[in-house]
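First the structure, in the form of C-alpha cells, and then the observations on it.
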Amino acid sequence: MSARHGHTLLDFSLVAEDGGEWDFEASVTLADFTGLRAELAEGDLRPLYLAWLAGLRVWELADDDEEEYTLATEPPVPAGLDTLTGCQRALADFLRLDDDLLAAVGATSAPLTAAPSARRP
11 MSARHGHTLL DFSLVAEDGG EWDFEASVTL ADFTGLRAEL AEGDLRPLYL
61 AWLAGLRVWE LADDDEEEYT LATEPPVPAG LDTLTGCQRA LADFLRLDDD
111 LLAAVGATSA PLTAAPSARR P
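Those letters in the sequence shown? Residues 11 to 131, per this note's numbering, in order.
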C-alpha cells in the first residue's frame, strides 16, 4: 500500500510458497476485479477485509514477527461476509482464501441489510 497526492494505492500480489508456476486452470482475469473499486468507493469494506485475511495467513506463516503478529488488532468484521459479490469471490480465489475460513468469518459477520452506499451517513 502506498499513498501519493492524497490517493491510496493497494497492491495485491501472490507468490507461490513452493516457488511453483501459475495455476492457469484457476486463474482469474483483470475483468473479474473491475467492480472492486466501485464497491470500495461505495463504502463496502469486504474486499479490504479479505485482503487482511490473506495477509494475516502469510504473516502467520512467517516465523520472524511472532510477537508483532500476536499484538496485531483485527479490524472490525464488515457486514455481509457470508454473501460475497462476484468480484469479492474472485479476489478471495486469487488470494487463495480457504473456503472454511470464509465460512467461519461469514458466520460471525452481521447480515448485509442494505447496499453499502445506503448505509453511509
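Here a beta-carbon is modelled for each residue, glycine too, at the ideal position from N, C-alpha and C. Computed from a predicted structure; not experimentally measured.
Whole-number beta carbon distance between Ala-89 and Ser-119, since they are thought to touch under 8 Å: The residue you call residue 119 lines up with position 109 of the sequence shown. The residue you call residue 89 lines up with position 79 of the sequence shown. Confirmed, about 6 Å.
Once DSSP output is grouped into helix, strand and coil, what is the label at Arg-106? Against the sequence shown, residue 106 aligns to sequence position 96. Per DSSP, reduced to three states, the secondary structure at Arg-106 is coil, with no helix or strand assignment.
What residue range does the alpha helix (DSSP H) around Leu-50 cover? As a first step, residue 50 must be located in the sequence shown, where it is residue number 40. That run of the alpha helix (DSSP H) goes 44-51.
If you run the structure through DSSP and keep just helix, strand and coil, what is Ala-13? If you number the sequence shown from 1, residue 13 lands on position 3. Of the three classes helix, strand and coil, the one that applies to Ala-13 here is strand, per DSSP.
Which of helix, strand or coil does DSSP assign to Leu-19? Translated into positions along the sequence shown, residue 19 becomes position 9. Note: Leu-19 maps to strand in three-state DSSP.
Look at the alpha carbon of Thr-83 and the alpha carbon of Trp-62, and state the distance between them as a whole number of angstroms. Against the sequence shown, residue 83 aligns to sequence position 73. Against the sequence shown, residue 62 aligns to sequence position 52. Rounded to the nearest angstrom, the two C-alpha atoms are 11 Å apart.
Quick one: what does DSSP say Val-87 is sitting in, helix, strand or coil? Counting from 1 along the sequence shown, the entry for residue 87 is found at position 77. Coil.
Give me the residue from Thr-123, Arg-106 and His-17 with the minimum Cα distance to Leu-66. Within the sequence shown, residue 66 is the residue found at index 56, counting from 1. If we check each option's Cα against that of Leu-66, Arg-106 comes out closest.
Does any CB atom of chain B fall closer than 8 Å to the CB of Gly-90? Judged by its chain identifiers, the structure shown contains no chain B, having just a single protein chain.
Skipping 5 residues on each side, what residues in its chain have a beta carbon closer than 6 Å to that of Asp-108? Here residue 108 refers to the residue found at position 98 when the sequence shown is read from its first residue. Cβ neighbours of Asp-108 beyond the five flanking positions: none.
Exposed unless 16 or more other CB atoms sit within 10 angstroms - verdict on Arg-56: As a position in the sequence shown, residue 56 is number 46, starting the count at 1. So Arg-56 ends up on the buried side.
Beta-carbon proximity list for Leu-112, same chain, < 7 Å, skipping 5 on both sides: Translated into positions along the sequence shown, residue 112 becomes position 102. Excluding positions up to five away in sequence, the list reads Ala-102.
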